[in-house]
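Note sheet for the following structure.
Numbering (this note's numbering), first residue to last: 11 to 194.
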């Protein structure tokens, strides 16, 4: 593990690792250099995102749900099980988000056109206006966060993170209609 002497370039993960090395020098902490920073960056990304979303009285989970619907094209709707799989949340968490967004008139439950026993979650015009405005502000915040990196560094980092993410995504069980085997 390289020693970092410049206090201006040290971060809290460096301090955490130094303390572990002092207490347990036999531990291999190379993974903590990466995972610790991913976790800490996630904390700062989420804090920034929550601040950006505050004017819309929306939290990041609700933003992600609206964004998932907005990406679906002109119908802007998905079945709850499809949303659950895309958002990586429990059915209870999804129901709570849908309920809050429905109360705010940003989504509505509509009959499923294929299965009358089910519903789909549809983005309302107000929901579309909110997500369209919010995504622009979120993207500005993301660019600000990544400003210390050059364009090639951002591309390299994205590639490295993708290499870590793809195997994890392939291991998780798929849900929703898209995951079902095609009919014979």
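Even glycine gets a Cβ: it sits at the ideal position worked out from N, Cα and C.
Inter-residue Cα distance where the pair is residue i and residue j
i	j	result
residue 107	residue 181	26 Å
residue 135	residue 95	24 Å
residue 29	residue 37	11 Å
residue 60	residue 71	10 Å
residue 75	residue 56	15 Å
residue 124	residue 133	18 Å
residue 170	residue 126	44 Å
residue 161	residue 120	43 Å
residue 174	residue 42	14 Å
residue 47	residue 168	15 Å
residue 143	residue 80	12 Å
residue 111	residue 18	43 Å
residue 109	residue 90	12 Å
residue 178	residue 69	25 Å
residue 66	residue 31	45 Å
residue 99	residue 73	14 Å
8 Å contact criterion, which residue i and residue j should meet: CB distance rounded
i	j	result
residue 155	residue 34	In fact, because the Cβ distance is near 33 Å, the residues do not count as touching under 8 Å.
residue 9	residue 97	Within the shown structure, residues of the chain are numbered from 11 to 194, placing residue 9 beyond reach of any answer.
residue 50	residue 22	7 Å
residue 116	residue 140	6 Å
residue 88	residue 130	6 Å
Boundaries of the alpha helix (DSSP H) in which residue i is found, first to last residue
i	result
residue 44	40-63
residue 105	101-113
residue 25	22-33
residue 161	161-181
residue 80	70-80
Paired residues, beta bridge with residue i - DSSP
i	result
residue 132	87 and 118
Outcome for residue i when other beta-carbon atoms lying within 10 angstroms are tallied against a minimum of 16
i	result
residue 92	buried
residue 83	exposed
residue 166	exposed
residue 137	buried
residue 157	exposed
residue 189	The predicted model places residue 189 with a pLDDT of 43, which falls under 50 and marks its position as unreliable, so this point remains unresolved.
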